[in-house]
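Student: The structure that follows is given in the form of structure tokens.
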Amino acid sequence: MTLTHAESLVVRRAVAAYRAMRNKTTKGAFQGRTADEILEELHPTPSRWFALAALVIARANGERESASRS
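The sequence shown runs 78 to 147 under our numbering.
And the structure:
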């Protein structure tokens, strides 16, 4: 997937937020910004948002190449 510079920065932040949310040491409700909220900063179309969300999840799980499908 080809990302613009702005998308690349947002995706990095969204991956970090996704990992923090999944962290099992967090007690109680997650208080930080979610990956969804961070992706919404770009105001993407629904199809682009879906592709970016899939990329965030894949990168958070350590799957770089499988997420390269556009």
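Backbone N, C-alpha and C fix where the C-beta goes; we use that ideal spot for every residue, glycine too.
Compare the beta carbon distance of M98 and T79 with 8 Å and say whether it is the shorter of the two.
Tutor: Your numbering for residue 98 matches position 21 in the sequence shown. Your numbering for residue 79 matches position 2 in the sequence shown. For M98 and T79, no; Cβs fall outside 8 Å.
Student: Would you decide whether A91 is buried or exposed? Buried here means 16 or more other CB atoms lie within 10 Å of its CB.
Tutor: Walking along the sequence shown from the start, residue 91 turns up at place 14. It counts as buried.
Student: Tell me the DSSP secondary structure of H82 in three-state form.
Tutor: Reading the sequence shown from its first residue, position 5 is the one you call residue 82. It is helical.
Student: On the criterion of 16 or more Cβ atoms from any shown chain inside 10 Å, does L116 qualify as buried, or is it exposed?
Tutor: One-based indexing of the sequence shown puts residue 116 at position 39. Answer is buried; the Cβ neighbour count reaches 16.
Student: Going along the chain, which residues of its own chain have a beta-carbon closer than 8 Å to the beta-carbon of P121, five neighbours each way excluded?
Tutor: Indexing the sequence shown from 1 puts residue 121 at position 44. Result list for P121: L129, in chain order.
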